[in-house]
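Residue numbers (full-length UniProt numbering): 1 to 274.
Note that beta-carbon positions come from the ideal geometry of N, C-alpha and C, so glycine has one too.
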Amino acid sequence: MSSPSPVNNSQSSGNSPSSAANSTPNANSNAKSTIQVKLVLLGEAAVGKSSVALRFVNKEFQENKEPTIGAAFLTQKSPVGDKTIKYEIWDTAGQERFHSLAPMYYRNAQAAVVVYDITKKATLDKAIAWIKELQRQANGNIVIALCGNKLDLADETQEVEVETEEGQDENEATTARQVATQVGEETAREFGLLFFETSAKSGQGINDMFTEIAKKLPLDSIISSRNPYRPNQLNSGNGRIDLLRESGGADSLNGTRGDRANGNNAGFSRGGCC
């Protein structure tokens, strides 16, 4: 499949998802129509949501990236036929303390990527919980993709301690993968989702996933919708992503912690909606 068109990064300037809901799309301004689509990334902490987003948007991978605080906002374009999808991506924090904020980010979303780590079975259980929540509370036409990330680790081996028949403990080599591809496929089939396995580290499967999501979007419905999701005009950035903190501060992707005492108040609104 073709790769997305050149990156068009945007930097949020304290825009909460609530302030991002009231501008208008410009579907016919160019010869090739551009349609803005709100997409949310959900999943347990440390499954690689931010890494998936960064690979798609910036074609890069950060080996040791600090956890997302609140949410991060990114944009990227993906061509589909005679149209261009401009993804407005909300990368949410996976920590349980931020769970209550999630509805602000998936409300009115046209697409969602629910990520799990193929080397940690418990993260698939968490992904299933997110899927059920989305299907219960999100937009009825939302396109959901289940994403098994960290495919680059699938064939790695690790030592695990097992008990022998004689009751003795021994180390045994086993593969790092804990969730078989078939299990992921069956889960996606059960809930009527798209399914992909990806490696944010190598880039494998990332572009294909976002391209296939774009193909499944009800574009005519999105264009004709009276109140589709549309973010406000954002200032041009250079790959920097602001993280919206529950406290109202702003963090940068490199892990710098925003602090009101330092004047980094982004005006994040807990009570907003999008």
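- With fewer than 16 neighbouring CB atoms inside 10 Å of its own CB, GLN182 falls in the exposed class.
- Annotated three-state conformation of GLY184 is helix, per DSSP.
- Look at SER33 here: in three-state DSSP terms it is strand.
- Looking at TYR105, LYS121 and LYS126, the one whose alpha-carbon comes closest to that of GLN137 is TYR105.
- Beta-carbon to beta-carbon, LEU217 and ALA112 are separated by about 12 Å, too far to satisfy the 8 Å threshold.
- Between SER100 and ALA214 the beta-carbon gap is near 30 Å, outside 8 Å, which marks them as no contact.
- For ALA102, the enclosing alpha helix (DSSP H) begins and ends at 102-106.
- Here DSSP, grouped into helix, strand and coil, assigns LEU134 to helix.
- For GLU60, there is no enclosing alpha helix (DSSP H), since its DSSP letter is neither H nor E.
- Annotation: TYR87 to GLY140 spans about 19 Å, alpha carbon to alpha carbon.
- In this structure, GLN95 sits near ALA45, with a CB-CB distance shorter than 9 Å.
- Fully contained in the stretch 166-216 are the following alpha helix (DSSP H) runs of length 4 or more, in chain order: 181-191 and 206-216.
- Taking each of ASN108, THR123, ARG97 and ASP82 in turn and checking the Cα distance to TRP90, the smallest one comes out for ASN108.
- A Cβ-Cβ contact shorter than 9 Å links LEU151 with SER202.
- Nearest in C-alpha terms to PHE73, of all of ASP82, ALA93 and GLU66, is ALA93.
- The beta carbon of PHE196 is closer than 8 Å to those of ALA145, LEU146, CYS147, GLY148, GLY205, ASP208, MET209 and GLU212 in its chain, skipping five residues each way along the sequence.
- If you ignore the 5 residues before and after LEU219, its C-beta comes within less than 7 Å of the C-beta of ILE35 and LYS83, all in its own chain and listed in chain order.
- In the structure shown, the three-state DSSP call for VAL113 is strand.
- For ASP220, the enclosing alpha helix (DSSP H) has its first and last residue at 219-224.
- Restricted to the stretch 69-95, not a single alpha helix (DSSP H) segment is unbroken, complete and at least 4 residues in length.
- Taking all protein chains in view, the Cβ of ASP169 is surrounded by fewer than 16 other Cβ atoms within 10 Å, so the residue is classified as exposed.
- Cβ neighbours of ALA200 within its own chain (closer than 8 Å, five residues either side excluded): GLY48, SER51, VAL52, LEU54, ARG55, PHE61, ASN149, LYS150 and ILE206.
- Within the model, the alpha-carbon separation for VAL40 versus GLU163 is close to 43 Å.
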